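Chemist: Chains as they are written, first to last, in our numbering: chain A, 640 to 1194; chain B, 640 to 1194.
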């Protein structure tokens, strides 16, 4: 049936790293039955999203097609893949499928958002599959920096597509599934139509290293350390937690978990049977009683998060624990671009306390969870897809990944958020551009990225805010002088005269001469007063502030 | 005379990287004659200093002792060493000494700030010295990432101190002075009291590489590139500009300089005779006429600066030049922590245009201007100081540097901004803590870091701003209802009701019941209204906004 088509549509995660949300569809144009792969979030920053709590992909396109969604498949339990499930589930309403650990985390997110946990169904690994409309979907185990990451084998009447999910090629991942080349090759043995492939580390030229290689150097560090050792990493990196904890135990240290995520993740990993032989842990109270050289703290906050355990420890006491001269702090992590300053702040605070800080500068204490370039090339060779579509990357990553594919004779396309790709033919074809974007969780409400709300906040931060209040009487005459309040601007200008007084004098002067036409028209009046405030402030202190004019009319 | 002392006091640059300002003094306590070494700035960011133009060290301590300042010595022309000279000169009034290139830049800064250029005196390299009160100061040439960086040989009645300035050990720096080990050793041959030493790269474990080593890989890149090549680096890195330009010429490319700083720096280098054999440059208009493979653009903005040439090129046309598929963009630079996101934004914009972006990930196209750990150790060995005082580093750098010194039997001290160190004895002694800090240039006015102005801006950015206007009549009764305006907050709350209406209703309700005591007291009224606005907004949209209350009383 040539009228039907197989489509791929990223709504988040393609052209950025974060908030993954991919759609596959099969059917007649505009009637495709749909599946969603991952529903993640991304994190705000002061530069572009001050005060925002979380960033979500805009899924208006999906919402409008809610009745066509057959299922939501979550590849793994990282926030940028599962973080939006609780928040968005009601809008989509379809069953959620995941493997046991991921499903455990997804259910916690559903519960937190007041959504039904039973909507999340646990699926066993490939060869088990889920029937979802015209699709049959299986979870193909793969190694990553969280247990149970999975690629998806997506079978449709148009053939097989493999969505790698986030992955690395690790044969000894400590916890979770080793990369099983034979299994992946078997899935692809009859040829696959398209490989939708992780691109994060496409610029890393060397073959990736295994998680298992960290055990020795970390244990050595823990043995050599004289005082207390604190180690931080992503709480979801269960393998790393185990590597750290076992190294600690072998070095004669009792392990104490600090931070909610740290406890929640290990709990989930133990509940689901993934985390075995984890050393027994002690409470912060008990940790205080032990000699310092017998303690290992595993703390949240490797990215410098302000409220996490690492930041708190760097600022003084946390749960009764206080670091001091001779202690060691290990960042078993890589700093994500944008977080450098926060991480460095913690390092310097620790330095002031006399704590020795060790980071991954030398590459001994951390390995990435993503496939480097040679590993990506290996994946291409194993799968030999007809088309390669890079995902999970900024534009530069996607573009580089397509170049690699094309150099090997595969067809590739840089498909960014909103580009609907038709996979039915022999080459990927851009079918349509769908409107996409971001929405923000701001406090308890959702605001659009383009609503202007956050833009106003940024402007106030850059320029300050002047408020003008004016009372106008029944005869359209000003009642007294206008009144100015200033927030976020110097009180005095160039000549050391108070800014507010100069503003009020100039506004009063304008009003004294203003025509009736102006005085009777709120919009016009507001516009004129704003203009004066901006000009005067520019003259006096060299900045053009945001201005709010409040005109109150009596009678 | 045991009552006199030799002191060292960093006011900026120790415990941070940026805004260097160091003071040395000799004399009876609190009557020391002073010299200032460097007067630099540091750059604002959205996290802590939104909207701020430049950050200066707080020099109130120096200003109060203006009559005791004998001279200001500038080690080199980087912004974090010379950037504040125009702005601050009037407050200090002392002669400014620098070598020819640095003096040229310093004079430009004085002129821009309306200060007398003649206050800047050019000094030849060591063994020439300047007499400054009890001090005799000489400029000891050293290699760095700008021509003519100098260490200072500071002789006092208490002995000789050497202030390294920023440096690396480079025997083939392409432009400027090669590191002259014999010269430095000669200065120290009779022993030096203290070495005040750059600490920036103390965590870099490998010996530094020479500028000259970049010529070959860069030329290869320029030859291999098919289209236009754009290269960006710090404009002050004259050696790099020459390396890039010569490589371009050798690869058959004409060189075009883009960006004001690029032209100003090369101009200064040519004027002062430092930059010889620089290939002739062409205008942007001429560059447009040439085949793409015959063009090399040298552009400002390696740190992602929004208005610099690199950012502009990445967004479209700049001075008639437009990049396209097949062009190459080289970041011959390292991204300073905090600038990653801005640099990555440019890279992705270029990627969207089809431009190949090459950065220093492989280490082939950039070398640092600072001494790495082995080079610092070499410097210690050459100089064999009695004491080592690290500077130009965050706390962690200073601490690590002291550790290295102590491991070799030198006495060291972590001296951060405001710590006055007595160098007279056999070991550095902390004498006093001086109040230091930062001041901001915000538009045309100076604001203190602790004035609360920038804090208010940050709060508005995080929390939004609600303005309440209330008119109270002659009888202390509200005239009509209070009026709310909202900036930077969602218009509607949880229940989709307009926030402003809910606020106004709740405030009106409060006012209807308010006691006379409250209505007659502006402060009390303001406090109560603020509380209500914060509570209601918290309930409705989950955020506690900044609130400005304007109460207008009639009569």
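The beta carbon of each residue, even a glycine, is placed where N, CA and C say it ideally should be. Keep in mind the model is a prediction, meaning the values are calculated, not measured.
Exposed or buried, which one is residue 1029 (chain B) when buried takes at least 16 other CB atoms within 10 Å?
Modeler: Working through the second chain from its first residue, we reach residue 1029 (chain B) at position 390. When all chains shown are included, residue 1029 (chain B) counts as buried.
Chemist: Taking the alpha helix (DSSP H) that residue 1063 (chain B) belongs to, which residues open and close that run?
Modeler: Here residue 1063 (chain B) refers to the residue found at position 424 of the second chain. No alpha helix (DSSP H) contains residue 1063 (chain B), which DSSP labels as neither H nor E.
Chemist: Which chain A residues are close to residue 1110 (chain B), counting only those with a beta carbon under 7 Å from its beta carbon?
Modeler: On the second chain, residue 1110 (chain B) is found 471 positions in, with the first residue counted as 1. Per Cβ cutoff of 7 Å: 1110 and 1191.
Chemist: Please list the partners that residue 689 (chain B) has in chain A, where partner means a Cβ-to-Cβ separation under 7 Å.
Modeler: On the second chain, position 50 is the one that residue 689 (chain B) refers to. Per Cβ cutoff of 7 Å: 1100 and 1101.
Chemist: Using alpha carbons as the reference points, say which of B:1084, B:1063, B:1098 and B:1074 lies closest to residue 797 (chain B).
Modeler: One-based indexing of the second chain puts residue 797 (chain B) at position 158. The candidate whose alpha carbon is nearest that of residue 797 (chain B) is B:1063.
Chemist: List the residues of chain A that residue 803 (chain B) touches, going by C-beta distances under 7 Å, in chain order.
Modeler: Stepping through the second chain from its first residue, residue 803 (chain B) is reached at position 164. The premise fails here: residue 803 (chain B) is roughly 21 Å from chain A at the closest Cβ pair, so nothing lies under 7 Å.
Chemist: The beta strand (DSSP E) with residue 1080 (chain B) in it runs from where to where?
Modeler: Translated into the one-based positions of the second chain, residue 1080 (chain B) becomes position 441. Unbroken beta strand (DSSP E) run through residue 1080 (chain B): 1077-1081.
Chemist: Would you list, in chain order, the members of the segment 966-996 of chain B that have their beta-carbon closer than 7 Å to a beta-carbon of chain A?
Modeler: 976, 977, 979, 980, 983, 986, 987, 990, 991 and 996
Chemist: Check the C-beta distance from residue 1138 (chain B) over to residue 1129 (chain B) and give it rounded, since I have them as a contact under 8 Å.
Modeler: Taking the second chain and counting its residues from 1, one reaches residue 1138 (chain B) at position 499. Taking the second chain and counting its residues from 1, one reaches residue 1129 (chain B) at position 490. Right, the Cβ-Cβ distance comes to about 7 Å (below 8 Å), so this counts as a contact.
Chemist: If you draw a straight line from the C-alpha of residue 651 (chain B) to the C-alpha of residue 825 (chain B), how long is it?
Modeler: On the second chain, position 12 is the one that residue 651 (chain B) refers to. On the second chain, position 186 is the one that residue 825 (chain B) refers to. Their Cα atoms are separated by approximately 30 Å.
Chemist: Counting only the same chain and skipping the five closest in sequence on each side, list residues whose C-beta sits under 6 Å from that of residue 993 (chain B).
Modeler: Counting from one through the second chain, the residue named residue 993 (chain B) turns up at place 354. Scanning its chain for C-beta atoms nearer than 6 Å, with the 5 sequence neighbours on each side dropped, one finds around residue 993 (chain B) the residues 964, in chain order.
Chemist: Based on DSSP bridge pairs, tell me the residues matched to residue 672 (chain B).
Modeler: Walking along the second chain from the start, residue 672 (chain B) turns up at place 33. DSSP output for residue 672 (chain B) lists B:665 as bridge partner(s).
Chemist: Could you tell me the distance, in whole angstroms, from the CA atom of residue 866 (chain A) to the CA atom of residue 882 (chain A)?
Modeler: Numbered from 1 along the first chain, position 227 holds the residue referred to as residue 866 (chain A). Numbered from 1 along the first chain, position 243 holds the residue referred to as residue 882 (chain A). Rounded to whole angstroms, residue 866 (chain A) to residue 882 (chain A) spans 20 Å at the Cα level.
Chemist: For the beta strand (DSSP E) that contains residue 647 (chain A), what are its first and last residues?
Modeler: Along the first chain, read from residue 1 onward, the residue named residue 647 (chain A) stands at position 8. Segment 644-651, the beta strand (DSSP E) holding residue 647 (chain A).
Chemist: For residue 780 (chain B), which of B:1053, B:859, B:803 and B:1157 has the nearest alpha-carbon?
Modeler: As a position in the second chain, residue 780 (chain B) is number 141, starting the count at 1. Here the closest residue by C-alpha is B:803.
Chemist: Using the Cα positions of residue 979 (chain A) and residue 713 (chain A), report the straight-line distance between them to the nearest angstrom.
Modeler: Walking along the first chain from the start, residue 979 (chain A) turns up at place 340. Walking along the first chain from the start, residue 713 (chain A) turns up at place 74. Cα to Cα, the separation comes out at about 30 Å.
Chemist: Considering only DSSP beta bridges, list what residue 920 (chain A) is partnered with.
Modeler: Against the first chain, residue 920 (chain A) aligns to sequence position 281. Answer by DSSP bridge pairing, in chain order: A:894.
Chemist: Closest Cβ-Cβ distance between residue 1007 (chain B) and chain A: below 8 Å?
Modeler: As a position in the second chain, residue 1007 (chain B) is number 368, starting the count at 1. So no, residue 1007 (chain B) is outside the interface.
Chemist: Under DSSP, the alpha helix (DSSP H) around residue 1149 (chain B) begins and ends at which residues?
Modeler: Taking the second chain and counting its residues from 1, one reaches residue 1149 (chain B) at position 510. 1138-1152 is the extent of the alpha helix (DSSP H) around residue 1149 (chain B).
Chemist: Once the 5 residues before and after residue 687 (chain B) are set aside, which same chain residues still bring their CB inside 7 Å of it?
Modeler: To locate residue 687 (chain B), count along the second chain from 1; it is residue 48. No residues qualify anywhere along the chain.
Chemist: Whole angstroms are fine: how far does the CA of residue 842 (chain B) sit from the CA of residue 1039 (chain B)?
Modeler: Locating residue 1039 (chain B) in the second chain gives position 400, where the first residue counts as 1. Locating residue 842 (chain B) in the second chain gives position 203, where the first residue counts as 1. One C-alpha to the other measures close to 8 Å.
Chemist: Do you know offhand how far residue 877 (chain A)'s Cα is from residue 920 (chain A)'s?
Modeler: The sequence position of residue 877 (chain A) within the first chain is 238, counting from 1. The sequence position of residue 920 (chain A) within the first chain is 281, counting from 1. Distance between the alpha carbons of residue 877 (chain A) and residue 920 (chain A): 15 Å.
Chemist: Taking residue 1104 (chain B) as the reference, give the member of B:1123, B:715, B:726 and B:738 with the closest Cα.
Modeler: For the purposes of this step, residue 1104 (chain B) is identified with residue 465 of the second chain, where counting begins at 1. Per the Cα distances, B:1123.
Chemist: I need the straight-line Cα distance from residue 1186 (chain B) to residue 1169 (chain B), nearest angstrom please.
Modeler: As a position in the second chain, residue 1186 (chain B) is number 547, starting the count at 1. As a position in the second chain, residue 1169 (chain B) is number 530, starting the count at 1. For residue 1186 (chain B) and residue 1169 (chain B), the distance between alpha carbons rounds to 6 Å.
Chemist: Any idea if residue 615 (chain A) is buried or exposed, counting beta-carbon neighbours within 10 angstroms, 16 or more meaning buried?
Modeler: This structure does not reach residue 615 (chain A), given that chain A is present from 640 up to 1194, and the question cannot be answered.
Chemist: Among B:685, B:655 and B:728, which residue has its Cα nearest to the Cα of residue 1035 (chain B)?
Modeler: Locating residue 1035 (chain B) in the second chain gives position 396, counting from the first residue. Residue B:655 is the option with its Cα nearest to residue 1035 (chain B).
Chemist: What separation, rounded to the nearest whole angstrom, lies between the Cα atoms of residue 835 (chain B) and residue 1071 (chain B)?
Modeler: Taking the second chain and counting its residues from 1, the one referred to as residue 835 (chain B) is at position 196. Taking the second chain and counting its residues from 1, the one referred to as residue 1071 (chain B) is at position 432. Rounded to whole angstroms, residue 835 (chain B) to residue 1071 (chain B) spans 18 Å at the Cα level.
Chemist: In this structure, what does DSSP give as the bridge partners for residue 1191 (chain A)?
Modeler: Counted from its first residue, the first chain places residue 1191 (chain A) at position 552. Residue 1191 (chain A) pairs with A:1110.
Chemist: Just to confirm before moving on: does the CB-CB distance between residue 1010 (chain B) and residue 808 (chain B) stay below 8 Å?
Modeler: If you number the second chain from 1, residue 1010 (chain B) lands on position 371. If you number the second chain from 1, residue 808 (chain B) lands on position 169. Closer than 8 Å, so yes.
Chemist: Check whether the segment 879-895 of chain A touches the segment 929-947 of chain A, counting contact only when three or more Cβ pairs, one atom from each stretch, lie closer than 8 Å.
Modeler: yes
Chemist: Tell me the start and end of each unbroken beta strand (DSSP E) in the segment 773-837 of chain A that is at least 3 residues and wholly inside, in chain order.
Modeler: Within the segment 773-837 of chain A, the complete beta strand (DSSP E) runs of at least 3 residues are 774-780, 789-795, 798-802 and 831-837.
Chemist: For residue 1071 (chain A), which residues in chain B fall below 7 Å Cβ to Cβ?
Modeler: One-based indexing of the first chain puts residue 1071 (chain A) at position 432. Under the 7 Å cutoff, chain B gives no residues; its nearest Cβ is about 19 Å from residue 1071 (chain A).
Chemist: Specify the secondary structure class of residue 1176 (chain A) as computed by DSSP and reduced to three states.
Modeler: Mapped onto the first chain, residue 1176 (chain A) falls at position 537. The answer is helix: DSSP assigns residue 1176 (chain A) an H, G or I state.
Chemist: Of the choices B:659, B:647, B:940 and B:838, whose alpha-carbon is the least far from that of residue 800 (chain B)?
Modeler: If you number the second chain from 1, residue 800 (chain B) lands on position 161. It is B:647.
Chemist: In chain order, what residues of the same chain have a beta carbon less than 7 Å from the beta carbon of residue 719 (chain B), not counting five sequence neighbours either side?
Modeler: As a position in the second chain, residue 719 (chain B) is number 80, starting the count at 1. Taken in chain order, the residues that qualify are 657, 658, 659, 679, 680 and 681.
Chemist: Taking a contact to mean a Cβ-Cβ separation below 8 Å, would you say residue 853 (chain A) touches residue 1006 (chain A) in this structure?
Modeler: Here residue 853 (chain A) is taken as the residue at index 214 of the first chain, counted from 1. Here residue 1006 (chain A) is taken as the residue at index 367 of the first chain, counted from 1. Taking 8 Å as the Cβ cut-off, residue 853 (chain A) and residue 1006 (chain A) qualify as a contacting pair.
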